[in-house]
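In full-length UniProt numbering, the protein residues as written are 1 to 328. Backbone N, C-alpha and C fix where the C-beta goes; we use that ideal spot for every residue, glycine too. Heads up: the structure comes next, in structure tokens.
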Amino acid sequence: MNEEKILELEKIINKDYKNIAGLIVLKDGKTLYENYFNGCTANSKLHIYSVTKSIISILIGIAIDKGHIKSVDTKVLDFFPDYIVKKREKVIQKITLKDLLTMTAPYKYRFNPYIKYFTSDDFVKFSLDLLGGKDDIGKFRYAPLIGPDIFSGILVKATGKPLLDFAKENLFEPLGITVDNNITFNSKEEQLDFNKSTNISGWVSDSKGINTGGWGLTLSATDMAKIGQLYLNDGIWNGKQIVSKTWIEESTKEHSRWDKLNIPYGYLWWISDDNNHGYSAMGDGGNTIFVNKDKKMVISIASLFIPRAKDRIEFIKKYINPIFEDIV
């Protein structure tokens, strides 16, 4: 490995990507590079924002593998038989898990209702109340919060367990990932402090104990690298099948596309190029798990939150790949 190129990479990080907290590059399961910035360490746990969505995708796959959920074609309302559908609502009854996974379900709002969402005491019902409406199913509409939270409710209903318990038993603990407790906020200030924290281990939940599906999980750069390596290994970890190869292949191929940015989308995973060589989990601030199947590489980037963080996929392609992708 060229030390001069490594030093140049770190200069670029410190100059142009100042909020990076941890960067890990794996190839063939071996660590080629690992470093930490902004006072963070291998043990630092950061809010990974929308990377949480891809974790939810894995858990849905595991639930299907284990027979808790029949298929992605199951109707959402099958899991909520007591939910009262509003008069004249005709779309929500048709929406399937696949529609939520691919961000092609319609919603009854024009602008994301962040304030009402964060002050709700039941994220799942709040989300169901906004699902459906007059638009048709099938058009990509990125939902930062609403759809993924419905999955949290679905997993609780389907497995009969709290989401965090199911995740610990079937994903986190087998990979040696520690996620301690549910996290709840009593004020806006507590939530802002959480977003800045580097030492809280947990998963945000509402007052009913249902974990968030689109945000709110804290992981370290090492934890995210393990998730990426699990997927590169076709779902096998230490000889045990954690999630099926079939689910990984299905969830990381294009099912929809965000036309505005021309980015293909899988099942809560972003597809990194049209040649399907890679896919990624991405969250605010630049939190990223990037998997390059052809080069057998995993890149994990943990980041402190800043608005409008610079594009991490561009960073990987421009600065990481030229250094590491051809190392044997």
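Contact annotation: LEU97 and THR74 have beta-carbon atoms nearer than 9 Å. Here the C-alpha atom of PHE123 lies approximately 14 Å from the C-alpha atom of ALA143. Non-local C-beta neighbours of ASN211 in its own chain, meaning closer than 6 Å and more than five positions away in sequence, comprise SER152, LEU163, LEU164, TRP203, SER205, ordered along the chain. Assigned with DSSP and collapsed to three states, GLY202 falls in strand. The residue from GLU189, TYR267, GLN191, ALA167 with its alpha-carbon nearest to that of ASP180 is ALA167. Between the segment 215 to 222 and the segment 36 to 52, the count of C-beta pairs closer than 8 Å reaches three or more; the two stretches touch.
Taking a cut-off of 8 Å for Cβ pairs, the segment 124 to 138 and the segment 102 to 110 touch, as three or more such pairs fall below it. Each of MET297, PHE290, ASP311, LYS260 was checked against the Cα of ASP284, and the nearest Cα belongs to ASP311. Excluding the 5 residues flanking it on each side, PRO148 has same chain C-beta neighbours closer than 6 Å at LYS53, ILE56, GLY213, GLY214, in chain order. DSSP places ALA105 in the coil class of the three-state scheme, outside both helix and strand. About 14 Å separates the CB atoms of ASP121 and SER187; that is not less than 8 Å, and the two are not in contact. Just measuring C-alpha positions, the residue of ARG308, MET282, PHE172 sitting nearest ILE316 is MET282.
A distance below 9 Å separates the beta carbons of TRP269 and THR252.
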